[in-house]
Each structure stands twice: as structure tokens, then as C-alpha cells.
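Q:
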Amino acid sequence: MDFSLNEEQELLRQTVREFAENEIKPLREELDEKEEFSIPLTQKMADLGLFGILIPPEYDGMQMDYLSYCIVVEELARVDGCQAATVAAGNSLGSCPVACYGSEEQKKALLPKLAAGKLWGFGLTEPNAGSDAGGTQTTAVKKSDKWILNGSKIFITNAATDITLGSTIQTVTGEREGGKKVYTCFLVKQDTPGYSAKPMHKKMTWRSSNTAEIYLEDVELTDADILGGEGEGFHQMLETLDSGRLAIAAMGVGGAQGALETAVAYAKERRQFGRPIGKFQALAFRMADMATEVEAARSLLYRACWLKDSGRPFSMEAAMIKLYASEVMKRAADGAVQILGGYGLMEEYPAAKFYRDQRLLEIGEGTSEMQRLVISRKLGL
Ligand SMILES: Cc1cc2nc3c(=O)[nH]c(=O)nc-3n(C[C@H](O)[C@H](O)[C@H](O)COP(=O)(O)OP(=O)(O)OC[C@H]3O[C@@H](n4cnc5c(N)ncnc54)[C@H](O)[C@@H]3O)c2cc1C
Numbered sequence: 407m408d409f410s411l412n413e414e415q416e417l418l419r420q421t422v423r424e425f426a427e428n429e430i431k432p433l434r435e436e437l438d439e440k441e442e443f444s445i446p447l448t449q450k451m452a453d454l455g456l457f458g459i460l461i462p463p464e465y466d467g468m469q470m471d472y473l474s475y476c477i478v479v480e481e482l483a484r485v486d487g488c489q490a491a492t493v494a495a496g497n498s499l500g501s502c503p504v505a506c507y508g509s510e511e512q513k514k515a516l517l518p519k520l521a522a523g524k525l526w527g528f529g530l531t532e533p534n535a536g537s538d539a540g541g542t543q544t545t546a547v548k549k550s551d552k553w554i555l556n557g558s559k560i561f562i563t564n565a566a567t568d569i570t571l572g573s574t575i576q577t578v579t580g581e582r583e584g585g586k587k588v589y590t591c592f593l594v595k596q597d598t599p600g601y602s603a604k605p606m607h608k609k610m611t612w613r614s615s616n617t618a619e620i621y622l623e624d625v626e627l628t629d630a631d632i633l634g635g636e637g638e639g640f641h642q643m644l645e646t647l648d649s650g651r652l653a654i655a656a657m658g659v660g661g662a663q664g665a666l667e668t669a670v671a672y673a674k675e676r677r678q679f680g681r682p683i684g685k686f687q688a689l690a691f692r693m694a695d696m697a698t699e700v701e702a703a704r705s706l707l708y709r710a711c712w713l714k715d716s717g718r719p720f721s722m723e724a725a726m727i728k729l730y731a732s733e734v735m736k737r738a739a740d741g742a743v744q745i746l747g748g749y750g751l752m753e754e755y756p757a758a759k760f761y762r763d764q765r766l767l768e769i770g771e772g773t774s775e776m777q778r779l780v781i782s783r784k785l786g787l
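Numbering-wise, the sequence shown is residues 407 to 787 according to this note's numbering.
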């Protein structure tokens with residue numbers, strides 16, 4: 407058993423850590439306060455290659471392994487969950503479905519642009535279909551050689567920025583015998599008539615990440631816009647989420663690490679009763695527990711990445727680590743707020759942002775309840 411990272415992975419971690427410290431940290435509070443999605447910062451992350459990590463080289467990507475990808479997301483989240491979200495959604499949800507299921511033509515047309523930092527959304531969730539992804543109400547009806555799409559999507563990351571090219575949209579295209587719905591995904595470009603995407607505001611979490619509502623009114627597409635084949639949509643979405651959960655878990659590990667470091671640094675500086683508060687065993691033990699949990703989550707995450715990278719089944723482990731890392735970050739962020747005392751409740755200190763950004767992790771890409779459902783089903787329950 408070899409737990410060491412290879413030289414490229416170590417270098418990648420170092421490079422992304424320095425980038426996050428030097429380029430993201432100085433802007434973090436301001437972007438969060440203004441709820442601003444930053445195109446210049448996104449472009450800088452693209453210049454570093456962070457949107458082409460999983461894209462094959464023939465489409466201008468770097469095609470690294472999943473562990474390397476998760477290290478990148480972890481390092482971004484250690485400083486800012488919002489920029490980690492932009493990169494994670496750009497890779498796991500934006501380019502990956504196109505790279506995995508797209509036709510050669512679709513890949514050539516889209517992937518080089520996505521590797522260069524243009525964005526693409528993943529439109530599964532609807533106002534009436536969240537955890538129950540099978541409850542999709544958006545329809546695509548074939549009329550002669552055209553597909554006509556109608557419906558709406560909600561909470562779609564990266565779907566309404568000035569650098570978004572479009573989104574993958576899951577639709578219902580029919581019914582099988584016995585009433586089972588047929589799901590088909592379409593690649594819909596941003597400028598298609600009848601298609602519109604609007605940013606959602608007033609989020610408590612991920613405030614400088616772009617979250618959008620999408621509306622489709624008689625949007626006309628053709629067979630060439632279908633991702634993979636007709637009827638393959640559900641399977642594509644579930645597979646995409648399995649992998650995406652590893653990136654959400656990486657945000658949990660990175661965010662928990664960031665919260666822990668914030669707490670430790672503060673506890674060394676802040677003095678009460680004549681000594682640093684980190685010398686009080688109540689707080690020191692709490693940070694020891696936080697550190698232990700972060701390490702456990704990281705090990706579980708890296709092992710799940712190894713399963714995926716070596717072609718083994720990983721969906722139960724992905725659900726486990728998504729669930730566990732989200733909750734580890736919850737405890738770490740809560741610990742950081744507590745250790746910073748009153749300052750932990752002030753937005754000028756990073757503990758509050760870790761606390762708010764953590765909340766998404768227990769909800770996005772399948773709630774914690776849904777992860778427990780996946781795991782319990784694998785146990786035969
Ligand atoms: C910032 C943000 C970004 C997002 N990005 C995307 C994106 O890019 N693409 C996308 O498609 N979606 C995205 N989502 C949507 C996200 O995946 C959903 O919010 C999530 O799946 C939950 O769906 P819901 O909000 O409709 O909650 P619901 O499904 O209505 O759940 C409400 C509550 O009921 C519980 N519940 C539901 N069913 C069960 C059950 N069977 N057993 C036990 N409990 C249950 C849930 O766990 C939850 O606690 C994003 C959401 C947010 C907030």
C-alpha cells in the first residue's frame with residue numbers, strides 16, 4: 407500500500423495553494439459581500455489549466471487523474487468554496503458529460519472552449535424535481551425533424567455568466583410501456599431562441615459562485631443536439647453525479663482544513679486569562695478532534711478517487727465520502743466560529759464564510775439524506 411502522492415500531484419497541490427493564497431484570498435471577502443461572480447479570476451484559473459484538468463489532450467485539456475482533480479478542488483476550497491465551486495462545476499458537471507457521452511462533433515465544438523475557461527451548466531434540478539431527479543417535468547417533443555423543449559431548471563451552477571456557452575438540459579422525451587419516463591439530455595447553447603438563464607441572488611452560501619434559473623419556451627433543437635443517444639439521459643445524469651460527489655467531498659476536506667487552520671492560527675494569537683486560548687485544553691482538544699476528522703475524510707476521499715482512477719466501482723464510496731466530508735466540514739467550521747468567539751460571528755474573519763459555504767455541501771449534488779439512502783440501499787436495506 408502506497409499512500410504517497412506522486413511528484414506531479416505534489417507540484418500541482420503547491421501551485422494551486424500558492425494561486426489560492428495570492429490571487430483568491432485577497433478578493434474573497436469583497437466578492438462574497440458583493441455576491442459577484444468574477445470573470446477575471448475565473449480566467450486566471452483557466453490560464454492555470456484548471457478547467458481542462460479532466461479533458462483529453464486532443465481537445466486541449468490535460469486529462470489528469472481524478473485524485474489530481476480533487477487535490478485542485480481541495481486546495482481552492484481551503485481558501486474559498488465559491489471558486490472551488492466554479493472549477494468543480496466547470497469540470498465535473500460542465501465538461502465531463504460532454505467528454506464522456508458527446509459525439510466527436512460536439513466534443514470538437516465545445517471541449518477546447520471549456521478547457522480555455524468558458525462555462526457550461528448541468529441542468530437537472532427543477533422547481534418540482536430536486537432529490538427526486540426522476541420527477542423531471544421539462545419536456546422535449548419531436549415534431550418532424552425538430553425537438554421542441556419546454557420547462558425550467560433551478561439552482562444551476564455556472565449557467566448564467568457572460569462566459570457561459572450553454573447547458574446540458576435533462577428532458578422527458580416519452581414513456582416506456584408501464585409508464586416509465588424516457589429521459590434525454592440536450593446540449594442547449596446560450597443564444598438559442600426561447601432559452602434564457604438568469605442569476606439567482608441573496609444566497610447565504612457560495613455567494614460569489616454563479617447560480618441560475620433556466621427557462622425554456624418552445625426551444626427548437628435537432629437530433630444533433632442530443633447528448634449521446636435518445637433515452638440515455640437518466641443514466642448519464644446519475645453517472646455524472648457519482649463522480650461529481652467526489653469533488654463536493656474535496657470541497658468538504660479543503661474547507662474543513664481551511665477552517666481548522668483559521669482556528670489554530672487564532673488560538674495561538676488570542677490571549678485570555680494571561681495565556682493563548684489554544685493552551686486551554688477544552689479548545690486544544692476540540693482542534694485535535696477537528697484535525698483527526700479532516701485527516702480521516704482526506705484518506706476516505708483519496709481512496710475513493712483511487713477506486714475511480716483504477717476503474718473499480720466507487721459509487722457507494724463516493725456517497726460515503728460526500729456525506730462524511732460535508733459533515734466533517736460542518737463540525738470544523740462550527741469549531742472555528744466557536745474558537746474565534748465573537749469575532750467568529752463577524753464577516754471580516756473567514757470562519758463565518760466557511761460556516762456559510764459548508765451548508766451547501768449537505769444539499770448540492772444529492773442531500774445528506776439521499777447519500778444515506780444510496781449507502782443503505784448498497785447494504786441491501
Ligand atoms: C448553490 C446551489 C448550486 C446547485 N447547482 C446545481 C447544478 O449545477 N445543477 C443541478 O441540476 N442542480 C444544482 N443544485 C440543486 C441541488 O442539487 C438540489 O438543491 C438538491 O438536489 C436538493 O433538491 P431540492 O433543493 O429540490 O430539495 P428537495 O429534494 O425538495 O429536498 C427537501 C428535503 O427533503 C429531503 N428528502 C427528499 N426526498 C427524501 C427521501 N426520499 N428520503 C429522505 N429525505 C428526503 C431532502 O434530503 C431535503 O432535506 C444546486 C443547488 C444549490 C443550492
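Idealized CB from N, CA, C, for every residue including glycine. Just so we're clear, the structure is a prediction, and the values are computed from it rather than from any experiment.
Check each candidate in L622, Q576, K714, A690 and name the one with the smallest Cα separation from G634.
A: The candidate whose alpha carbon is nearest that of G634 is Q576.
Q: Between N564 and N616, what straight-line distance do the alpha-carbon atoms span, to the nearest angstrom?
A: Looking at the two C-alpha atoms, the distance is approximately 5 Å.
Q: Could you check how far apart the C-beta atoms of L555 and L627 are, in whole angstroms? I think they sit under 8 Å.
A: About 6 Å; that satisfies the 8 Å criterion.
Q: Please classify Y755: does DSSP put it in a helix, a strand, or coil?
A: If DSSP states are grouped into helix, strand and coil, Y755 belongs with coil.
Q: Within 10 angstroms of the Cβ of P533, are there 16 or more other Cβ atoms? Answer buried if so, exposed if not.
A: Result: exposed.
Q: Answer yes or no: the CB of L530 versus the heavy atoms of ligand 1, is any distance below 8 Å?
A: Because some heavy atom of ligand 1 lies under 8 Å away, the Cβ of L530 counts as near it: yes.
Q: With distances taken between CB atoms, is the gap from I659 to V594 smaller than 9 Å?
A: Reading the sequence as shown, one finds Val at residue 659 and not Ile. No, they are not a contact pair.
Q: Taking Cβ to Cβ, would you say L525 is nearer than 9 Å to G487?
A: Taking 9 Å as the Cβ cut-off, L525 and G487 do not qualify as a contacting pair.
Q: If I'm right that S614 touches F760 with Cβ under 8 Å, what's the distance once you round it to whole angstroms?
A: Not really, about 14 Å apart at Cβ, beyond 8 Å.
Q: Mind reading off the beta-carbon distance from S602 to Y621? Whole number of angstroms is fine, and I expect it under 8 Å.
A: Right, their Cβ atoms sit about 5 Å apart.
Q: For the structure I just gave you, are there three or more beta carbon pairs, one from the segment 635-642 and one from the segment 462-475, closer than 8 Å?
A: Contact fails: fewer than three Cβ-Cβ distances are below 8 Å.
Q: Report buried or exposed for P719, applying the criterion of at least 16 other Cβ atoms within 10 angstroms of its Cβ.
A: Per the 10 Å Cβ criterion, exposed.
Q: Near G527, which residues of its chain fall below 6 Å by C-beta distance, leaving aside the five closest residues on each side in sequence?
A: Excluding positions up to five away in sequence, the list reads I562, N564, A565, S573.
Q: Just how far apart, CA to CA, sit P432 and P446?
A: Rounded to whole angstroms, P432 to P446 spans 14 Å at the Cα level.
Q: Measuring CB atoms only, is the segment 507-518 touching the segment 470-487, in the sense that at least three cross pairs come out at less than 8 Å?
A: Taking 8 Å as the limit for Cβ pairs, the verdict is that the segment 470-487 does not touch the segment 507-518.
Q: Assess contact between the segment 533-553 and the segment 656-674, defined as three or more Cβ pairs (one per stretch) separated by less than 8 Å. Is contact present?
A: Result no; under three Cβ-Cβ pairs closer than 8 Å.
Q: How many angstroms separate the CA atom of D715 from the CA atom of F686?
A: The alpha-carbon atoms of D715 and F686 are separated by roughly 43 Å.
Q: So what does DSSP say about W612, is it helix, strand or coil?
A: Coil, per DSSP.
Q: Look up T531 in the DSSP assignment and say whether it is helix, strand or coil.
A: Correct three-state label for T531: coil.
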